[in-house]
Structure formats: C-alpha cells, structure tokens
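Structure first, then comments.
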Amino acid sequence: MYVVMITPECAPAAKVGGLGDVVQGLSYELSIRGNPVEIILPKYDCMRYDCIQGLTRAGDSFWVPFHDQWIQCDAYSGFLDSLKCFFIESHSHHNFFNRGIFYGHRDDPERYAFFCKSALEFLLKTNRHADIIHCHDWQTGLVPLLLFEFYKSRGLTQPRVCYTLHNVGHQGHTGEHILRQVGLDPALYMRPDRALDDQTPGTVNLMKTGIVFSNFVTTVSPRYAHEIRTTTLGYGLQRVLNAHTNKFGGVLNGIDYNIWNPEIDSRIPFHYSADEIDNKFKNKEALRHRLLLRQDFKPVIAAVGRLDRQKGVELVRHAIFYALTHGCQFVLLGSSPDARINHEFWQLKRELNDYPDCHLELAYNEELSHLIYAGSDMIVIPSIYEPCGLTQMIGMKYGTVPVVRNTGGLGDTVFDADYAHKPYRERNGFVFNDYNYAGIESALGRAVNMWFNAPQYFRELAVNGMRTDYSWNRPGADYLNIYNLIREK
Ligand code: ADP
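Using numbering that gives the first Met the number 0, you'd call the opening residue of the sequence shown number 0 and step up by one each time.
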C-alpha cells in the first residue's frame, strides 16, 4: 500500500506537539510493515535542518494556481532517518513558510490552503499515484475537497483519503475568500453539508470540509471520538461527525519505541528496563544535578507540554505549590505561544527561583524532555480535554507514574491504582475527574502518599506502566485495516 502523508508537522524536523510525533511514528510503522510511505511538508525556515539527511532539489519547478496568480514552487527531497520526505518551497511575496515560527500568523488559513494545493499539484506533476493520502488536522482539510474537485479529473484517480483529527480545538475558521483562492466557487460550498461552519454564519470551517470530503475520518483515541461526537468538546463539529458516523472512528496513538525507550535512549545517561529499573534512580540524580535541585529523599513530579489552556495550566500551577508544600520536588518543561500564559509562568519562575526543590524550564527542549521522563517519579497531566496525549504514554514507558484527568486519551490509557476496574497488574497511574483544585489534589495526594508510605506498590505501578504496550504495533494494524477498507480496488 503506497501511502502519502500530507501534514504540517513531522518529528524531528518540524514538531510543535504530538502531531509531529504521530506522523513520524505511524509512517515508520507502516514502512517497516512493507508499505512505501512519503511525507509532504512545507519547507519551513524554522525546521531543524540538522535532522534532515540528503536534502536536495527534486525535479523541476512547478507552478501552482492560487487566487489570481501562478506561484512558482520547488520540492526538495530528504530523509528523516529512513522516512522519505518532500518539502515544498514557494517563491511568492507572501513568504508562506518563512516566518520563523510554524503557526500563529493571521494568514495561517491562506498559508495552509496554499500548501494543500501545492502538495496535490506536486503529486500530479510527478506522477505519484498513491493508494492512500493521509492528511492531518485543519491545515490539510482542503486536500480531500481539492482532490475530489480538481485533481481526480486531472489524473489523480487512485488515492483515497484518510483524515485524522488530532485536536478539534483548532478547526481553521476563515472567510469564503479561501475557497476562491484555491479556485472554488463559494456558492457551491457555503452549505451546511459542505464547508460552511455550523456555528458562525458566513464562515468556512476547514476541518469540517476535511471531514465531509474524506473517505474515512479518524481521531486519536476512542474516548475522544465519543466525546467530540456527543459533547461540547466537539466545538461545533458534533452534527457533522454524527452525520458521517459510518466513516468515523478513534484509533489510539502509539509512541515510537525506537525513540522513547529507556533501554536504548541515547539522550539519557543510564539505561534501564522494567526488569532492571534501578538505574532510573541514577537518572533522577542526573536530572537533579542538571537542574540544580537538591539531592534529597523526595519524589520528583514533572509536567512536560505546551502551556496551553487546554493542558490545564491553572492545575499545573496548583500542582507545583501542592508538591512544594508536601515534601516533593517539581520540574516543569513547557513553552507557550500565548503571551499571557507565558508571562504568568515567567512570573512564577521568578517567584520560585530560589527554591532548591523546583525548576521551571520555559522553553522547548527535546533533549531535556528525555531526561525528565527518565528521572521523574510522576508526571501530571490535568488537561481540560486531551485528544490522546503522548506524555502519559512516554512517562509510563520510562516508569514515571502518570497523574491525569479522566478525559479523552488519558482516560483510555491510564488506569487508577485504587479505583480502576482492572486487575492490579494492569493499573498504572492515578486519575481524577473534576477539573478543580480538589480534583487534582485527590489524585496527586494519593500518588505522593503511596510514594512515601507504600514504595513497593508505587514501584509495581511504575513497572506495570513500563510493561503496557503503547507502541505503534496495534494502531499501525488498525490504520492498515482502514486503508484497506477505503482503497480503490
Ligand atoms: P500536544 O500534541 O497537545 O502538544 P501531546 O501530549 O500529544 O500534546 O504531545 C506532546 C509532545 O511534544 C511530546 O512528545 C512532548 O514530549 C513534546 N513536548 C511538548 N512540549 C515540549 C517542550 N517544551 N520541550 C520538549 N518537548 C515538548
């Protein structure tokens, strides 16, 4: 099965969050199962070029119609480890992908509409007839519509489209001009059963467009699939998801055990496994040493992630103070594109600067994240909503016990030490329901209490997490089943 991913992110070169990890991990899994995979990305100026091998121009320039002009583009090929990628560069005064950051510009819908169009134009011009085009999030929501409307009749007859929703909190709302820019007549598409947003009159919803025109739609955990269809967590997509329920499902993400694995991780100083966990504690010492925390008989509690409202930043903040007043240490690694949240956390960092039991690293630092997963005892993830969440699964692989809110993929992967309807060997963390201080305290308090008073149980919980299989093995098979279901036969 020949699969082309069209995506705004792929780790390690272009990663903002979990989407980048997922495209990388799934593509790798598909290719080791013998399916050729190619990945098309924008050629961002802010990518990690040091991670791309053999970057060279691929073929001749091609021209992409956009709005009232033709824009010249070049494709570059290169490898992210063994994954073949194409990076699209546009030569236009819009400077679509040379903005210093991945997202956060007023014209993001236009930037990605152009990306969708240029990716399809590239496939057509280079005669790439994939069986499956797999596209991701609102940024690529126009791909299935453009394929259906223009590119099938121009020769791309083969591909079927699988579309994955990584986070419906971002849907790509924009004006009807976007349709004109890619060559479509708004009068045909500004309808409730097509591109028109269900909540805001006169607005195009790019994610909805992707849902309507794809052959299959997935989201990244079964629980989130249910939540976005049946609750306000769908942020207005409930109706369209219910209308297309026969082509919609949740596939739990995996994590790539070639990258996230304490037995072989080159970014941590001491390797360990579920059978031989003692070296984890040497990593804890190394983490404390690196972040200038004191060496003491205390658990290290971590938080790693984007500092976004969705991630429950008020409760992360509360967890820091809870930890410091209950004999624990706290390490936070996170950054925020939101100026207000950033400011709040910088303020907090200054307040806590002199504490020997706390370190806030307000940055994006892939390498440090590995040491934090390996050197911490617990990881807190108090999200308001969480489509899947990777940090709890990564934490578990490193024997770091997750303390999570019961939502989305967190609810699908973390089973409470005290209350889960599971045998003890399948329990792997602590879970709370209510999004408030009492909620997080109820779970974090039990975790801290177990660490101090029942260390043997705590260790078993950590080992249970390490033994649970959250690799791409199962989700890889699930995606292949979906591809087989929809492919042109
Ligand atoms: P989301 O996709 O919502 O950001 P996920 O939990 O699905 O959240 O994925 C987050 C990924 O990004 C993980 O691989 C995590 O380690 C990584 N990550 C998030 N913030 C940072 C950071 N500040 N530094 C390093 N890695 C980070």
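Glycine residues also receive a C-beta, built at the ideal position from the N, C-alpha and C atoms.
Query: Restricting to Cα atoms, I'd like to know which of Lys283, Ser220 and Leu240 is closest to Gly253.; Result: Ser220
Query: In chain order, which continuous runs of the beta strand (DSSP E) of length 3 or greater are located wholly inside the region 254 to 333?; Result: 299 to 303 and 328 to 332
Query: Expressed to the nearest angstrom, what Euclidean distance is found between the alpha-carbon atoms of Glu440 and Ala194?; Result: 43 Å
Query: Spell out the partners DSSP gives Val36 in its beta bridges.; Result: Val2
Query: Below 8 Å on the Cβ atoms is my contact criterion, and I expect Ile210 with Tyr162 to pass it. Report the Cβ-Cβ distance as a whole number of Å.; Result: 7 Å
Query: Under the criterion of a Cβ to heavy atom distance below 6 Å, does Ser81 qualify as lining the ligand ADP?; Result: no
Query: Taking 7 Å as the limit between beta carbons, can you name the residues of its chain near Leu389, skipping five residues before and five after?; Result: Gly17, Asp20, Asn252 and Ile254
Query: With respect to the alpha helix (DSSP H) encompassing Glu120, which residues constitute its N-terminal and C-terminal limits?; Result: Asp107 to Lys124
Query: From which residue to which residue does the beta strand (DSSP E) around Ala74 run?; Result: Gln68 to Leu79
Query: Give me whichever residues DSSP pairs with Gln52 in a beta bridge.; Result: Phe78
Query: Expressed to the nearest angstrom, what Euclidean distance is found between the alpha-carbon atoms of Asp353 and Leu359?; Result: 12 Å
Query: Which residues does DSSP pair with Ala13 in a beta bridge?; Result: Cys9
Query: Whole angstroms are fine: how far does the CA of Lys42 sit from the CA of Tyr321?; Result: 44 Å
Query: May I have a chain-ordered list of the beta strand (DSSP E) segments no shorter than 3 residues that lie completely inside the region 174 to 253?; Result: 215 to 218 and 247 to 249
Query: Report all residues from its chain with a CB closer than 7 Å to the CB of Ile87; omit the five preceding and five following residues, and keep chain order.; Result: Ile39, Pro41, Lys42, Cys72, Ala74, Phe114, Ser117, Ala118 and Phe121
Query: Could you tell me the alpha carbon to alpha carbon distance between Leu82 and Asn448, rounded to whole angstroms?; Result: 45 Å
Query: By DSSP's criteria, Trp137 is part of a beta bridge. Which residues make up the other side?; Result: Its beta-bridge partners do not exist; DSSP assigns none.
Query: Quick one: what's got a C-beta closer than 7 Å to Arg316's C-beta in the same chain, skipping five residues either side?; Result: Leu347
Query: Considering only C-alpha positions, which residue in the set Gln309, Gly304, Gly407 and Ala318 is nearest to Ala362?; Result: Gly304
Query: For the ligand ADP, is there any heavy atom lying closer than 6 Å to the beta carbon of Gly58?; Result: no
Query: Tell me, to the nearest whole angstrom, how far the beta carbon of Ile131 is from that of Met0; I am working on the premise that it is less than 8 Å.; Result: 6 Å
Query: Short check: CB of Leu332 to CB of Ser382, under 7 Å?; Result: no
Query: Runs of 4 residues minimum, wholly inside the region 421 to 458: which ones carry the alpha helix (DSSP H) assignment?; Result: 436 to 452
Query: The ligand ADP heavy atoms versus the CB of Thr489: any closer than 6 Å?; Result: With the chain running from 0 to 488 in the structure shown, residue 489 is simply not present.
Query: Could you tell me which of Glu365, Asp307, His420 and Ile371 sits nearest to Val342, measuring between CA atoms?; Result: Reading off the sequence shown, one finds His at residue 342, where the question assumed Val. The option with the nearest alpha carbon to His342 is Asp307.
Query: Report yes if the CB atom of Tyr223 is closer than 7 Å to the CB atom of Gly408, and no otherwise.; Result: yes
Query: Does Gly398 pass the burial test, meaning 16 or more other C-beta atoms within 10 Å, or should it be called exposed?; Result: buried
Query: Provide the residue(s) that pair with Leu359 in DSSP beta bridges, ordered along the chain.; Result: Leu331
Query: Count Cβ pairs between the region 274 to 282 and the region 239 to 252 that sit closer than 8 Å; are there 3 or more?; Result: no
Query: If Phe212 sits next to Pro143, beta carbons under 8 Å apart, how far is it from one beta carbon to the other, in whole angstroms?; Result: 4 Å
Query: Check whether the Cβ atoms of Arg426 and Ala416 sit closer than 7 Å, and answer yes or no.; Result: yes
Query: Using a Cβ-based criterion (distance less than 6 Å to any ligand heavy atom), does Glu365 qualify as near the ligand ADP?; Result: yes
Query: State the Cα-Cα distance for the pair Val519 and Asp59, rounded to the nearest angstrom.; Result: Past the boundaries of the shown model lies residue 519; the chain is included only from 0 to 488, so the question cannot be answered.
Query: Shortest alpha-carbon distance to Trp471 belongs to which of Val430, Trp259 and Arg238?; Result: Trp259
Query: Suppose the cutoff is 7 Å on Cβ atoms and the five residues either side in sequence are ignored; what does the same chain contact list for Glu350 look like?; Result: none
Query: Thr399 lies in the beta strand (DSSP E); which residues open and close that run?; Result: Careful: Thr399 lies outside any beta strand (DSSP E) and carries neither H nor E.
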